[in-house]
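Everything in the sequence shown is counted per the working numbering, starting at 117 for the first residue and increasing by one.
Beta carbons are placed, not taken as given, at the ideal position from N, Cα and C, and that holds for glycine.
Keep in mind it's a predicted model, so treat the numbers as computed, not measured.
Take a look at the structure below.
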Amino acid sequence: MDACRWIRPEDVANRSELTPLLLLKLLFRHPPLRAMAWFRLATLMHRRKVKLLPGILKRRLLRLYGLELVPGARIGGGLYIAHPVGCVIVVESMGTNVSIMGSVTLGRLKPLRWPTVGDNVFFGAGCRVLGPIEIGSSATVGANAVVLTDIPSGAIAVGVPARILTQDCDAADKYRCSHG
């Protein structure tokens, strides 16, 4: 399902459009999609309790793509990472169709608990989401925002520390809602 997000830049993942030939073309042309393929393989091996291989694949992701993802993390389909270099993604769980731009960090602050992310969430370039917080479905985290508290569903969060600009806007209305 991750590959479906590379067919069209829309926020939908339609499996019917993905053919084996198109998948090969996408994997050849897009290094971030290859990174997702390696991550999904590492997660599969982790769930099947294959020793060593998940760790080797995790180090491969870090070395080749600059992307730190934990094999075995519960991450839904349709994950889109536009520029994986500098991204650290360690979460309790992540929903489907999440979009992540470059240099994003999702991780722990002090306690050994990590963020929980809903469906259809967008993370802007350079943002940081730290600690055991919840990011609601259809939320948007702006570029370079530092999120230390929960963000409700449909909200837009920006700034350092992040503050909520709007709430309860659908995806087509987010621009208008955030600009008055």
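In angstroms, rounded to a whole number, what distance separates the CA positions of Ala261 and Lys167? Rounded to whole angstroms, Ala261 to Lys167 spans 37 Å at the Cα level.
What residue range is occupied by the uninterrupted alpha helix (DSSP H) comprising Ile172? Here the alpha helix (DSSP H) through Ile172 covers 169-176.
Own chain partners of Ser199 with C-beta closer than 6 Å, once the 5 adjacent residues on each side are dropped: Reading the sequence as shown, one finds His at residue 199 and not Ser. Within the same chain, His199 has close Cβ partners Gly218.
Classification of Gly171 by the beta-carbon crowding that lies within 10 angstroms, buried from 16 upward: exposed
Among Asn213, Lys165, Ala153, nearest to Leu71 - alpha-carbon criterion: The structure shown does not extend to residue 71, since the chain is modelled only from 117 to 296, so the question has no answer here.
Return the chain-ordered ranges of every beta strand (DSSP E) run that is complete within the region 200-284 and spans a minimum of 3 residues. 203-205, 221-223, 244-246, 272-274, 279-282
For Ile191 and Gly182, what's the separation of their Cα atoms in angstroms? 19 Å
Where Arg244 falls, given that 16 or more other Cβ within 10 Å makes a residue buried: With 16 or more other Cβ atoms within 10 Å, it is buried.
The beta strand (DSSP E) that contains Leu183, what's its start and end? 183-185
Just curious, the alpha helix (DSSP H) that Thr159 is in, first and last residue? 147-163
Cβ neighbours of Phe238 in the same chain (closer than 6 Å, five flanking residues each side left out): If we look at Phe238 and ignore the five residues flanking it on each side, its Cβ neighbours are Ser215, Thr256.
As a quick exercise: from Ala271, Leu143, Leu157, Ala278, pick the residue whose alpha carbon is nearest that of Lys174. Leu157
Does Pro136 pass the burial test, meaning 16 or more other C-beta atoms within 10 Å, or should it be called exposed? exposed
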